[in-house]
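Colleague: Numbering (my numbering), first residue to last: 90 to 371.
Glycine is no exception: its CB is placed at the ideal position from the N, C-alpha and C atoms.
Encoded as structure tokens, here's the structure I'll be asking about.
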């Protein structure tokens, strides 16, 4: 019997089940396949699929299985190694919406390099891994809890440090950008309103706003740009400028009131479309 475990994450991992089912239909897997699918909703007439298997029953199945196919969860991999099971592990990847990041790839790589497991990184080549696992002799796993905990704590500390840095950068590029962007535009509009007409003042304010954005990117993101996000940002500015001149004729607003009105709209539109298209940098 082959046991497939997708863990208990709140995201689906249908890619792995599709790959396993394909090999069953091709005749490369002839054994019974039992799946703990977690949150993955998948229907198949050639696999026994359960949302969640009680821990005692799962342990029993783990002891009985001839092969464990699993996601990159540390707990499942270590449990399998403790019971001397051959393991094929496949990482959940954030680009497919299967996890928040790609840390499972690093976890699997560590176990693979120590010759404990086989890694499945190309799901179309599961048949090759199934053939390779037949002659694969995993290296005996030696538990080193203290070292593992120490490494894990170091990893968590590093991640927290990076997240703090990311939070500061995001504050500067988004929060600071939003606050100072509005103040900058208002100051320019008030300062130049007596010397220049509204159109020229508006152009100057937007030019300074874009310049501020570029400088913040250079300082905090090392000049790395998301082309899609930048195009989205420029389109919002163009739309805002057009509406600033359209709204007064429709709602009898003056240009300054139009600006305040549009600022609220642009914030809402930016937030809505950033969520809709999963833009992380707008």
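CA-CA distance, residue 185 and residue 134?
Modeller: Their backbone Cα atoms lie some 25 Å apart in a straight line.
Colleague: For residue 122 versus residue 113, is the C-beta spacing smaller than 9 Å?
Modeller: yes
Colleague: Are the CB atoms of residue 222 and residue 150 nearer to each other than 9 Å?
Modeller: no
Colleague: Find the nearest neighbour of residue 205 within the set 214, 172 and 190, judged by alpha-carbon distance.
Modeller: 172
Colleague: Looking at the unbroken alpha helix (DSSP H) that takes in residue 125, where does it start and where does it end?
Modeller: No alpha helix (DSSP H) holds residue 125; the beta strand (DSSP E) holding it covers 122-125.
Colleague: Touch check for the stretch 136-145 and the stretch 188-205: three-plus C-beta pairs under 8 Å?
Modeller: no
Colleague: Which residue or residues does DSSP assign as beta-bridge partners of residue 94?
Modeller: 125 and 159, per the DSSP bridge assignment.
Colleague: Go ahead and label residue 327 buried or exposed: buried means 16 or more other beta carbons lie within 10 angstroms of its beta carbon, across all protein chains shown.
Modeller: exposed
Colleague: When we look at the beta-carbon of residue 93 and count the other beta-carbons within 10 Å, is it buried (16 or more) or exposed?
Modeller: buried
Colleague: Express the C-alpha separation of residue 296 and residue 180 in angstroms, rounding to a whole number.
Modeller: 45 Å
Colleague: Roughly how many angstroms separate the alpha carbons of residue 216 and residue 195, rounded to a whole number?
Modeller: 23 Å
Colleague: Using a Cβ-Cβ cut-off of 6 Å (strictly less than) and excluding sequence neighbours within five positions of residue 383, which residues of its own chain qualify?
Modeller: What is shown of the chain runs 90 to 371, which leaves residue 383 out entirely.
Colleague: I'd like to confirm the pairing. Which residues does DSSP put opposite residue 138 in its beta bridges?
Modeller: 124
Colleague: Does the Cβ-Cβ distance between residue 170 and residue 176 come in under 9 Å?
Modeller: yes
Colleague: Can you tell me the Cα-Cα spacing of residue 120 and residue 320, whole angstroms?
Modeller: 52 Å
Colleague: Would you call residue 129 buried or exposed, if buried means 16 or more other Cβ atoms sit within 10 Å of its Cβ?
Modeller: With 16 or more Cβ atoms within 10 Å of its Cβ, residue 129 is classed as buried.
Colleague: Evaluate residue 304 with the Cβ neighbour count: other Cβ atoms within 10 Å of its Cβ, from every protein chain shown; 16 or more gives buried, anything less gives exposed.
Modeller: exposed
Colleague: Does DSSP classify residue 231 as helix, strand or coil?
Modeller: coil
Colleague: Leaving out five residues before and five after residue 253 in sequence, what residues of the same chain have Cβ atoms less than 7 Å from its Cβ?
Modeller: For residue 253, the predicted structure reports a pLDDT of 49, less than 50, and the residue's modelled location is therefore unreliable. The matter cannot be settled from this model.
Colleague: Just the Cα atoms here: how many angstroms apart are residue 154 and residue 167?
Modeller: 15 Å
Colleague: Report the CB separation of residue 108 from residue 225 in whole angstroms; it is logged as a contact under 8 Å.
Modeller: Between residue 225 and residue 108 the Cβ distance is about 18 Å, and since that is not below 8 Å, they are no contact.
Colleague: Look up residue 207 in the DSSP assignment and say whether it is helix, strand or coil.
Modeller: strand
Colleague: When DSSP labels each residue in this structure, what does residue 179 get in the three-state scheme?
Modeller: coil
Colleague: Quick check on residue 115: does DSSP put it in helix, strand or coil?
Modeller: Look at residue 115 here: in three-state DSSP terms it is coil, with no helix or strand label.
Colleague: Mind checking whether residue 127 and residue 164 have CB atoms under 9 Å apart?
Modeller: Taking 9 Å as the Cβ cut-off, residue 127 and residue 164 do not qualify as a contacting pair.
Colleague: For the alpha helix (DSSP H) containing residue 216, name the first residue and the last one.
Modeller: 215-224
Colleague: Compare the Cα-Cα distances from residue 148 to each of 161, 174 and 132 and report the closest residue.
Modeller: 174
Colleague: Does the separation of the CB atoms of residue 136 and residue 110 fall below 9 Å?
Modeller: yes
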